[in-house]
Each structure stands twice: as C-alpha cells, then as structure tokens.
Amino acid sequence: MARRILVAEDSPTTHEILKMLLSQRGHHVDIATDGEQALAALRQNSYDVALLDFHLPRMDGLQVATIFRREAGDRKIPKLIAITLDAEGLLAHPEGCHNFDHVLPKPLDIYEVARVVEDQAEIADMEAREAPPAEKSPGSAAVSRSPLESLGHNFLTWPGDIQAGHLSARAIQASLADPRFDGILIKEPVSVEDLGAIWRAKALFSLPIVDATGLLGHASDVDASKLTARDTTYLEQVLGKAHDRRMKLDRDVRFSEDLGEQLIGRLFVADQPLAPTYDPQSKWLVSYNVALATAVAVREAEALCERGLLRREFFDRFHVCPQCDSLRLHVREECRQCHSPQLEEEQYLHHFRCAYQGPEREFRRGDRLVCPKCRYELTHFGFDYDRPGSMVVCDACGHAASEPAVGFVCLDCGGHVDSDIAPPRDIYSYHLTDQGAGFAEHGHSLLGTASHALRFADLPLELVVALNSAAKKYNDAQVPFTLISLHYRNEKEIAAQHGARTFAKVRDLFIENLRTSLSSDADLVVSGHSRDFVLMAGSEPEETKADFDLLVAAAEKTLRCDIGPEFQVFGPGDFA
Numbered sequence: 001m002a003r004r005i006l007v008a009e010d011s012p013t014t015h016e017i018l019k020m021l022l023s024q025r026g027h028h029v030d031i032a033t034d035g036e037q038a039l040a041a042l043r044q045n046s047y048d049v050a051l052l053d054f055h056l057p058r059m060d061g062l063q064v065a066t067i068f069r070r071e072a073g074d075r076k077i078p079k080l081i082a083i084t085l086d087a088e089g090l091l092a093h094p095e096g097c098h099n100f101d102h103v104l105p106k107p108l109d110i111y112e113v114a115r116v117v118e119d120q121a122e123i124a125d126m127e128a129r130e131a132p133p134a135e136k137s138p139g140s141a142a143v144s145r146s147p148l149e150s151l152g153h154n155f156l157t158w159p160g161d162i163q164a165g166h167l168s169a170r171a172i173q174a175s176l177a178d179p180r181f182d183g184i185l186i187k188e189p190v191s192v193e194d195l196g197a198i199w200r201a202k203a204l205f206s207l208p209i210v211d212a213t214g215l216l217g218h219a220s221d222v223d224a225s226k227l228t229a230r231d232t233t234y235l236e237q238v239l240g241k242a243h244d245r246r247m248k249l250d251r252d253v254r255f256s257e258d259l260g261e262q263l264i265g266r267l268f269v270a271d272q273p274l275a276p277t278y279d280p281q282s283k284w285l286v287s288y289n290v291a292l293a294t295a296v297a298v299r300e301a302e303a304l305c306e307r308g309l310l311r312r313e314f315f316d317r318f319h320v321c322p323q324c325d326s327l328r329l330h331v332r333e334e335c336r337q338c339h340s341p342q343l344e345e346e347q348y349l350h351h352f353r354c355a356y357q358g359p360e361r362e363f364r365r366g367d368r369l370v371c372p373k374c375r376y377e378l379t380h381f382g383f384d385y386d387r388p389g390s391m392v393v394c395d396a397c398g399h400a401a402s403e404p405a406v407g408f409v410c411l412d413c414g415g416h417v418d419s420d421i422a423p424p425r426d427i428y429s430y431h432l433t434d435q436g437a438g439f440a441e442h443g444h445s446l447l448g449t450a451s452h453a454l455r456f457a458d459l460p461l462e463l464v465v466a467l468n469s470a471a472k473k474y475n476d477a478q479v480p481f482t483l484i485s486l487h488y489r490n491e492k493e494i495a496a497q498h499g500a501r502t503f504a505k506v507r508d509l510f511i512e513n514l515r516t517s518l519s520s521d522a523d524l525v526v527s528g529h530s531r532d533f534v535l536m537a538g539s540e541p542e543e544t545k546a547d548f549d550l551l552v553a554a555a556e557k558t559l560r561c562d563i564g565p566e567f568q569v570f571g572p573g574d575f576a
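Per full-length UniProt numbering, residue 1 is the first one in the sequence shown, and the count goes up by one each step.
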C-alpha cells in the first residue's frame, strides 16, 4: 500500500537516498530540511509516517514532535520516528519517550528504514481498527487489569497484545525492538506452546515474562502471583537488568528469525543457563526455563552445542519408552515369566532327607508340613528341615524365582519395556560459552569473515550512495573500484578487559590513521555498526589487497592495544 511520508533531514545525501528508497517502494515522499519546514508540512498535510532527524537546524526533531502533538487535537497524528546518533539519550528524555513512536539509530540501515516505516504505517492502521471511538489507547483489550500494570511498567499482555495467531499494534511495535517495553505480563493461564508467538515475532523473545497466574512455572522470569507489595523491588531489578542486557544484544540476534539464535539472545538477556527442573506434567519429566516445549528447547540447545555456542552440564538420566518417546515410565517389580506385578514373597523350605526345596505353601497340609517329593512329614525345625531364605512367587502364573525382574510401563501409551533394554536419555543444563556470549553482543561479525559474506544491511547510507555512483562509472566507462570491509578480531577481548569505550576510542584512532594514510581524495572511509568500510575509486581489487595490508600495519602502530583488524576485499563482480 502506498503511504505518504515526510522526511525531515538536513543532510542532502541522506534525504535523497531515503526519498529514492521509499519512492521505489511506491510511497510518496516530501522533504523538509529544517525543523520549521517539517512543522509546517505536518500542519498542512496528512502523513502516515514522519521521519524526523533529532538535530535539525532552527528547530530540532523533538521540538517539532512535541509542538505538533500539542497542537494536533483530534487530527490524525502520523507515526513519528526519530533519526539520531544518540538513541539512548533520546529515549532517556521524558519528552522523547512520549512524543516519538520509534527511534532509528544512525548510521541508518537502508533495509531497516523501509521495514520500520511500513510497519509503523501498518501499526497506525491497526490502532485505528482496534481502538473504540471514545478511546485513544491503541491495542487495549477487554481483559481485567492486573495490579502489576499500575506500577508504571510498560507490559505487553497475554491475552490482549499477544495471542495465538495474532499480535496487537503494541506487540508489533515491540517486535521492532522498541526499548520502552519492559516485559510480557501473563494474565490468564497459557501453555508454552501457545506462547510460540513470541518466537515467531522478532525481538519479543528477549522480553522477560512476568506470570500473574502462577501457573506457567519455570518458564516465566518472575512468578508475580507470589509477590507482595514489598517484593516490587525484586521485580524492578529483574526488569531493569533485562532491559540493560537487551540493549547489548546485537542487531543480528535481536531481529533474527532463527530459533537457535533467538535462544542465545534469550539466555544472554536472562543472564542464566538453560536449566531443567522436574516436571511431572511433561512427557520428558523436565521442563526448561524458557517458553519453549522441552523437546524443542533440547533440539535447539544441542545444535548450539555443536556450534560451540553452548556447553552441556549433566542434570539426570532417564529411560525412554521406545514406542512413544515418553520418559514418564512406571518402574515396578514383576514376574520374569509373564511380566505380572502380582508377586508375593514366600519363605522356602529345605527338606534335609530328600534335599527338596520349595515354597512353604507346597509343604503345607493344614497344620502339618509334608514334603511334596517324598511325602515325609516334617516335625522338627533344624532336624528335618530349615528355612534358608525367601523367594518371589507370581500369583498370576505360579512362577517362582529368587529375585523379581524390573520392568517399565509407559504412563502415556501403556507400552511395556524390560529395564535392561530400555534406552537411556541424559538430560543436561546448557550454559553460554564465551563464544555464545560474544555472538549475542556482536552478532555474525564475531564468527569471522569466512562465515558471513558482506551484507547490504551492514552498509551505511552514505556508503550506499557512493557505491551506487562507483557502480555507475564502472558500468558506463569500466572505471574499477574496490570496497574493503573491516572487522576487529579482538573487540570482545578488549571490551571485556578495558571496557567498550576503550575499544571504541582505539577503533576511532585506527580509522583516523587509516583515513590519513589514504592518498586519494576519492577514497571514502565510513564507519558502520560492527564494521568499517573503505571505498577506493579507480583501484583493482587484487592490486589493492596487498597495498591495504601495508596501510593497516601503518595505522596500527600508534594504537595502545591490538584490535586485530581483518578485512575482506570486494570488486564490481561481487555486486553484479
């Protein structure tokens, strides 16, 4: 559906590429280059979405949003999206949280911009359909209000915002990784299977689950049914810690559609291992501390262990029904002959004269004891006979043995299996490895250049514009170009030992040294989220590679620590 969009951005390069991108997708785009123009356009026209740079000249984006909302009255208000380098600072500002519907951090991701704009427009449509005429709050549902909702937290609710097969406008907003949402509040009984929606929608899996029903068990982060008014500090701590760690999640993980990668993100945010507890309601006799079926959680965790992102720790050993794969097995003593559990323990007698041994009931003749073999009456214990022990006798088939057999009966399918042939199954807890935690924070870039090729989602808008220009020159006049993608092998180690700020300063110095070393004004150096890029016009990729090794070595000389720069080289053929 075509949308009408306002782009308020003072950078000609940025607003032109945004206009080109959105226009190509069928949308009508208006441009404003300062805050006063943006406010005038909002007053005069009806937009679906407005992209407002936070630092506009004459009037900043926050002032534009604040004034327009105050003046709007009953007018339709478009979804207001802030564009800023300081997303955390903007969201920490009370007016920023109140007046903007979403925040896009710079440098902009061209694919994320298009997705967010179209999702926000769809959210506005859903809000208009969901909200009754006299009510302004979108996504509200006719579900009783929990006392927890009066504590000032911004919860998504089940049911209401999240249901099987349906997400409210607020839930879709949260799936864009909007940091203003604190968690998911369970207000009615629900199974982990029903909560599958939080894994199918991006980013929702990272929100802590607060269970007001007390029935979700180990799968929730907080059992709110047991909280008293004095325990709200604990809730604040859980939500606050989860928020802080959620902000550290790499974009690759936050927006991943891969369940295993989502599980890595979930464990990182919770700062806990994937831990089992005994659960008689589960066919596995255990459940894990995530909103996933046990079989699914184990399948994904085992695959992550193979990748080195999780490590196992033994929890317990069970036996498995070979017919239905259930671990709920009833253990019983039974007859070795017919498998009946109807057993009786009886003393057996030993007749000294003929050496016959058998159960006492075979000797019993009323009040007398008579040997069933030789018919001799036994009268004196210790002289005629003794009782050397006992035996187990089956009341169903009469078979006697010194020891019973042990068998299993499945409580789910009723199948029987002997204990000595029942297959065992070990249950583990799963812990993030250093590589797993690094992947949560740094995404695919941590896995090395061999694992993931260049992705356009990593390219800043400024570079996209320059790359398009270089590609046009190559197509028109065969002028070569080389794009170099830089990542830093030691980022995680330096951040852990010296802090993220130290790494950022060293990285900035390295890029500045590199920029100084480049001889041509046509060369462009652009910083991205997890990678940096160098576009060298007029250079052949193969020739550039050897020269760039020397440039990197020179740029490293003045650094206080080794950031481990590594690079990939791309040429026109890689963009065909």
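For glycine and all other residues, C-beta sits at the position ideal for the given N, C-alpha and C.
Measure how close the beta-carbons of residue i and residue j come, nearest whole angstrom, since I'm counting them as under 8 Å.
i: Ala177; j: Leu207; result: About 10 Å separates the two Cβ atoms, so there is no contact after all.
i: Ile5; j: Leu21; result: Not really, about 11 Å apart at Cβ, beyond 8 Å.
i: Glu344; j: Asp395; result: 6 Å
i: Glu127; j: Ala169; result: 5 Å
i: Phe548; j: Ser485; result: With a Cβ gap of about 11 Å, Phe548 and Ser485 do not count as contacting.
i: Val409; j: Pro359; result: No, Val409 and Pro359 are not in contact; Cβ-Cβ is about 27 Å, not under 8 Å.
i: Leu185; j: Leu156; result: 7 Å
i: Tyr428; j: Phe315; result: 6 Å
i: Gly564; j: Tyr474; result: The pair is not a contact, with the Cβ atoms about 32 Å apart (cut-off 8 Å).
i: Phe503; j: Leu309; result: Between Leu309 and Phe503 the Cβ distance is about 22 Å, and since that is not below 8 Å, they are no contact.
i: Ile209; j: Ala291; result: 6 Å
Could you check which residue in the options has the C-alpha nearest to that of residue i?
i: Glu512; options: Val534, Ala495 and Gly358; result: Val534
i: Ala164; options: Ser282, Trp199 and Lys473; result: Trp199
i: Gly366; options: Leu378, Leu461 and Leu185; result: Leu378
i: Met1; options: His27, Leu227, His15 and Thr13; result: His27
i: His319; options: Asp426, Leu227 and Asp223; result: Asp426
i: Ala8; options: Cys561, Ser429 and Ala50; result: Ala50
i: Tyr430; options: Ser46, Thr213 and Glu313; result: Glu313
i: Ser340; options: Gly407, Lys79, Leu108 and Gly35; result: Gly407
i: Val298; options: Ile264, Pro107 and Pro322; result: Ile264
i: Asn468; options: Gln272, Pro276, Thr84 and Gly571; result: Gly571
i: Leu411; options: Leu167, Cys561 and Asp325; result: Asp325
i: Gln337; options: His399, Val116 and Cys374; result: His399
i: Val479; options: Leu85, Ala171 and Pro541; result: Pro541
i: Thr294; options: Gln357, Ile123 and Ser191; result: Ser191
i: Gly573; options: Ala471, Thr33 and Arg69; result: Ala471
i: Trp284; options: Arg317, Gly528 and His166; result: Arg317
i: Ile83; options: Ala171, Leu461 and Ala405; result: Leu461
i: Leu327; options: Gly414, Tyr376, Pro388 and Lys106; result: Gly414
For residue i, list the residues DSSP reports as bridge partners.
i: Arg515; result: In the DSSP output, where bridge partners are listed per residue, Arg515 has none listed.
i: Leu156; result: Ile184
i: Tyr488; result: Pro565
i: Val103; result: Ala82
i: Arg4; result: His28
i: Ile162; result: Leu167
i: Pro460; result: Asp109
i: Asp418; result: Gly407
i: Ala50; result: Leu6 and Leu80
i: Ala400; result: Val393
i: Lys482; result: The residue asked about is misnamed: residue 482 is Thr in this sequence, not Lys. Partner(s): Met536.
i: Ser527; result: Asp532
Does the beta-carbon of residue i have 16 or more other beta-carbons within 10 angstroms, so that it is buried, or is it exposed?
i: Met536; result: buried
i: Ala437; result: buried
i: Val286; result: buried
i: Phe205; result: buried
i: Tyr234; result: exposed
i: Glu300; result: buried
i: Glu441; result: buried
i: Val253; result: buried
i: Phe381; result: exposed
i: Gln281; result: exposed
i: Pro78; result: buried
i: Leu550; result: exposed
i: Ser220; result: buried
i: His15; result: buried
i: Ser539; result: buried
i: Gln120; result: buried
i: Asp161; result: buried
i: Thr558; result: exposed
Chain C beta carbons: is any one of them nearer than 7 Å to that of residue i?
i: Arg353; result: Looking at the structure shown, chain C is missing, and only one protein chain is on hand.
Query raised in the report: What residue ranges within the region 334–371 form continuous alpha helix (DSSP H) runs of no fewer than 4 residues, ordered along the chain?
Result: Contiguous alpha helix (DSSP H) elements confined to the region 334–371 occur at 360–363, taking only those with 4 or more residues.
Report task. Give, in chain order, every unbroken run of the alpha helix (DSSP H) that is at least 4 residues long and sits entirely within the region 259–286. Result -> Counting whole runs of 4 or more residues, the region 259–286 contains the alpha helix (DSSP H) stretches 259–270.
**Report entry** Minimum length 3: unbroken beta strand (DSSP E) runs contained in the region 196–248
**Finding:** Taken in chain order, the complete beta strand (DSSP E) segments of 3 or more residues contained in the region 196–248 are 209–211.
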